[in-house]
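Peer 1: Take this structure, written in structure tokens, and hold onto it; I'll ask about it next.
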């Protein structure tokens, strides 16, 4: 019989299973007591836990990307699942030691997504934009098709970055078919490049953390720098309007200065890209929460959605779940 997964357990049940230690945060309580906030994960989802008074050995062994045998109980804390830990045993050898066994992946294969990306790139009519995109996708292809789109919140799974980007391209195609005055080439080019800097901002799909450059600069600045490098290497004049427009698409895609964009959108296509980016991330977050919610019940609170809870109607269904079955 296959081992149960995290979200196969109901609140109040005892847990005993192998999980991936996805995140580890060191904290100190008000009374000076040291503890860790651990994020356990498997293909069903993520659950956090507090681990008090870690030993020096714990601090060495409990690191992002490690596999552990978790014993404890599932509790409800502030409308979200949490684990009360009884015992943690690091697993370094044997059939359960592979972190890949516990990592959720994009619902589409990287090879299939790569083929669809080519179709969108071929529809971009500006040769400079095409040249930049081909150069950067070639340079970061392996990472682009394996990295998550974020450490947590949305598309935080293997190949999530490529899947998120492709989802935006599909939305962009629908928008340009409805509104033909929107520049499809510019929107596609901006969509493909907007998050590519996450291959430099994040450490990878296993035990995802922010790199030094990711923390200090961020993916927007990093991909803008990479765009300029390609221009310099290939003789493209960065002062030309088409390059300035493309860079604006990247720099403005977070929409607001307080959300990390150096500039707010001042192009129709830049505003559309920002809206589509928000839409796809929002749908993914809510969908993920509803997948773990019983029909007729509310989900746990979603931090990135202003701590809102979402209701799962009795007849709500996920088409991808049906396909998997």
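In the working numbering, the protein residues as written are -7 to 317. We put the beta carbon where it would ideally sit given N, CA and C, even for glycine. This structure is a prediction, so every number in the text was calculated from the model and none was measured.
1. Give me the residue from 202, 263, 298, 12 with the minimum Cα distance to residue 88.
2. What number of angstroms, rounded off, separates the C-alpha of residue 83 from the C-alpha of residue 91?
3. Rounded to a whole number of angstroms, what is the C-alpha to C-alpha distance between residue 195 and residue 135?
4. Do you know offhand how far residue 113's Cα is from residue 175's?
5. Could you tell me which residues DSSP puts in a beta bridge with residue 294?
6. For residue 58, does the three-state DSSP call read helix, strand or coil?
7. For residue 111, count neighbouring Cβ atoms within 10 angstroms of its own Cβ and tell me buried if that reaches 16, exposed if not.
8. Go ahead and pull the three-state DSSP assignment for residue 109.
9. Since residue 277 and residue 261 are thought to touch, with beta carbons under 8 Å apart, how far apart are those beta carbons, to the nearest angstrom?
10. Could you give the distance in angstroms between the alpha-carbon of residue 129 and the alpha-carbon of residue 161?
11. Could you tell me the alpha carbon to alpha carbon distance between residue 259 and residue 155, rounded to whole angstroms?
12. Beta carbon of residue 124, beta carbon of residue 183: below 9 Å?
13. On the three-pair Cβ rule with 8 Å, is the region 291 to 309 touching the region 59 to 75?
14. If you reduce the DSSP assignment to three classes, tell me which class residue 320 lands in.
Peer 2: The structure says:
1. Here residue 88 refers to the residue found at position 96 of the chain shown. Checked all of 202, 263, 298, 12; the closest Cα to residue 88 is 12.
2. Numbered from 1 along the chain shown, position 91 holds the residue referred to as residue 83. Numbered from 1 along the chain shown, position 99 holds the residue referred to as residue 91. Taking the straight line from one Cα to the other gives about 10 Å.
3. Residue numbering aside, residue 195 sits at position 203 when the chain shown is read from its first letter. Residue numbering aside, residue 135 sits at position 143 when the chain shown is read from its first letter. So the alpha carbons of these two residues sit roughly 10 Å apart.
4. What you label residue 113 is simply residue 121 of the chain shown in a count that begins at 1. What you label residue 175 is simply residue 183 of the chain shown in a count that begins at 1. Taking the straight line joining both Cα atoms gives about 14 Å.
5. As a first step, residue 294 must be located in the chain shown, where it is residue number 302. Bridge partners of residue 294: 300.
6. In the chain shown, the residue the question calls residue 58 occupies position 66. In the three-state reduction of the DSSP assignment, residue 58 falls in the strand class.
7. Taking the first residue of the chain shown as 1, we reach residue 111 at position 119. It is exposed - the Cβ of residue 111 has fewer than 16 other Cβ atoms within 10 Å.
8. Taking the chain shown and counting its residues from 1, the one referred to as residue 109 is at position 117. Collapsing the DSSP output to three states places residue 109 in a helix.
9. Walking along the chain shown from the start, residue 277 turns up at place 285. Walking along the chain shown from the start, residue 261 turns up at place 269. About 25 Å separates the beta carbon of residue 277 from that of residue 261, a gap too long to meet the 8 Å contact definition.
10. Working through the chain shown from its first residue, we reach residue 129 at position 137. Working through the chain shown from its first residue, we reach residue 161 at position 169. Here the alpha carbons of residue 161 and residue 129 stand approximately 15 Å from one another.
11. Counting from one through the chain shown, the residue named residue 259 turns up at place 267. Counting from one through the chain shown, the residue named residue 155 turns up at place 163. When rounded, the distance between both Cα atoms is 25 Å.
12. Taking the first residue of the chain shown as 1, we reach residue 124 at position 132. Taking the first residue of the chain shown as 1, we reach residue 183 at position 191. Taking 9 Å as the Cβ cut-off, residue 124 and residue 183 do not qualify as a contacting pair.
13. The region 291 to 309 vs the region 59 to 75: in contact.
14. Any property of residue 320 remains undetermined from this structure, which presents the chain solely from -7 to 317.
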